[in-house]
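Worksheet: one structure, shown below.
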Amino acid sequence: MPPSSRRRAADSPEAAAASSSAIPAVVAAAAAAPAPAFRYEPNQAQSEKREVRKEYRRLIGNSEDARANMGEHKVGDLQDMIVRSDRLYESVKAPGEAVLDARLLLNTSETAAQLAKNMKVASGAFDIDEYLARIAGFIGGKLVQPGGAGHEADEVEEEDVEAWQWDRLGRAAGRCTKRAPVMDCLLGPLDVQANKRKTTKRARIEKEGPAIAPQQLQEEDIQRSENETTRLVRDVATLLEVEGGPEGLNLFRFVIDPTSFSNTVENLFYVSFLVRDGIVSLEDNDEGEPMLTSVEAPNDDDYAQGVTRRQLVLELDQTVWKELIELYNIRKPIIPSRQAAAAPRSGAWYG
1 MPPSSRRRAA DSPEAAAASS SAIPAVVAAA AAAPAPAFRY EPNQAQSEKR
51 EVRKEYRRLI GNSEDARANM GEHKVGDLQD MIVRSDRLYE SVKAPGEAVL
101 DARLLLNTSE TAAQLAKNMK VASGAFDIDE YLARIAGFIG GKLVQPGGAG
151 HEADEVEEED VEAWQWDRLG RAAGRCTKRA PVMDCLLGPL DVQANKRKTT
201 KRARIEKEGP AIAPQQLQEE DIQRSENETT RLVRDVATLL EVEGGPEGLN
251 LFRFVIDPTS FSNTVENLFY VSFLVRDGIV SLEDNDEGEP MLTSVEAPND
301 DDYAQGVTRR QLVLELDQTV WKELIELYNI RKPIIPSRQA AAAPRSGAWY
351 G
């Protein structure tokens with residue numbers, strides 16, 4: 001989610017300054033003024049959400065173009081982009097659009113930071129010779145330039161150096177180097193308190209009960225678990241083909257069980273097998289939502305023509321699970337709920 005405090009530098013007086021001061025203003029503008037708080041509205045109109053996403057994708061494309069062609073863009077372009085994104089943020093009511101806003105903010109800040117690195121600062125901003133000459137004039141002398149007349153050490157009269165008003169320089173520097181007075185010595189040792197000895201209580205030794213050996217898995221137990229997983233994966237594939245049809249189903253609407261977080265995780269696990277085997281495709285639709293569609297598994301000819309497999313990692317915790325349930329208004333699971341495994345019987349590890 002975007003932070004509650006965002007960037008507002010385009011309307012400030014510093015926005016009209018030179019580029020050397022404008023770029024830091026863009027980078028540090030996040031603390032300039034508070035943005036409207038994010039308010040989640042699950043019933044926002046789909047047409048409004050499409051318009052917001054369309055505008056965000058256009059701004060993200062402009063920011064990526066600015067980062068790729070920095071020589072053709074100015075700081076004012078970034079400031080204008082920030083102003084437009086702030087106005088657009090007022091229409092953000094769902095997590096999907098908030099993610100696009102965060103991506104736009106990241107691209108803009110990276111571009112501004114790169115522009116600041118590319119700035120050329122004059123190397124002669126501080127001239128040491130001029131600095132020494134001014135100090136020499138301040139104390140009543142002048143600096144002998146290297147290579148000039150009278151540069152040899154024997155030509156510099158010792159009495160001229162002694163005539164310089166070094167005390168004046170010391171008084172001027174003393175105003176900038178004041179320090180608090182300290183004691184030169186201590187009259188006697190410090191008052192040191194003796195450390196009290198800590199006593200530790202010994203814990204009573206309790207007798208342990210009879211040792212219990214862990215249950216041993218047999219080969220038939222493992223085979224039974226693999227057969228059960230294969231059956232469930234096959235059932236999920238059949239259900240997707242029946243319920244989704246040629247258009248497919250939204251990933252979250254298909255796998256989420258609003259009554260059980262553990263069942264939701266298991267459903268994602270089974271869908272991952274189908275995607276891995278190429279039986280199910282996972283693609284984004286025009287609205288940027290992940291869609292599951294039943295397809296034919298690719299053969300060797302398809303791989304020879306350039307078909308590749310891609311993997312992704314989906315992070316899902318209970319907080320995100322609850323937000324997705326409210327976002328998609330899921331009240332009943334598409335994949336039937338499974339009962340929790342019963343307690344172990346007959347010494348076996350399964351229910």
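The UniProt record's numbering puts the first residue of the sequence shown at 1, with every later residue one more than the last.
Every residue, glycine too, gets a C-beta built ideally from N, C-alpha and C.
Rounded C-beta distance between residue i and residue j? I'm assuming under 8 Å.
i	j	result
Arg53	Glu287	7 Å
Ile334	Leu239	7 Å
Arg67	Asn107	6 Å
Asn267	Asp277	No, Asn267 and Asp277 are not in contact; Cβ-Cβ is about 16 Å, not under 8 Å.
Val280	Ala237	7 Å
Please report how far the alpha carbon of residue i lies from the alpha carbon of residue j, in whole angstroms.
i	j	result
Ile212	Leu100	55 Å
Trp164	Phe138	9 Å
Val233	Thr293	15 Å
Pro290	Arg204	59 Å
Arg103	Tyr56	9 Å
Val75	Ala116	10 Å
Gly61	Val242	38 Å
Gln339	Glu247	30 Å
Val295	Asp302	13 Å
Trp321	Arg231	26 Å
Thr308	Glu51	33 Å
Asp317	Ser63	32 Å
Glu72	Asp65	10 Å
Pro198	Ala112	According to the sequence displayed, residue 198 carries Lys and not Pro. The alpha-carbon atoms of Lys198 and Ala112 are separated by roughly 59 Å.
Asn43	Asn118	46 Å
Ala133	Leu88	57 Å
Should residue i go down as buried or exposed, given a rule of 16 or more other Cβ atoms within 10 Å for buried?
i	result
Gln305	exposed
Met70	exposed
Lys49	buried
Gln79	buried
Gly244	buried
Asp167	exposed
Ser337	exposed
Glu97	buried
Ile325	buried
Please determine, among the options, the residue with the shortest C-alpha to C-alpha distance to residue i.
i	options	result
Asn285	Thr108, Glu228, Leu251	Leu251
Ser109	Asp129, Asp77, Gly96, Arg87	Asp77
Glu41	Asp65, Tyr89, Ala94, Leu88	Ala94
Val313	Phe269, Val255, Arg202, Asp235	Phe269
Leu249	Val271, Arg84, Glu228, Glu64	Val271
Ala136	Gly170, Thr200, Asn118	Gly170
residue 359	Pro298, Ser260, Arg134, Thr319	With the chain covering 1 to 351 only, the question about residue 359 has no answer from this structure.
Ile82	Pro298, Leu105, Asp300, Glu206	Leu105
Does the beta carbon of residue i fall short of 7 Å from some heavy atom of the ligand HEM?
i	result
Arg84	Absence of the ligand HEM from the depicted structure is noted, as is the absence of any ligand whatsoever, leaving it without description.
Considering only DSSP beta bridges, list what residue i is partnered with.
i	result
Pro290	Asp284
Leu249	Leu292
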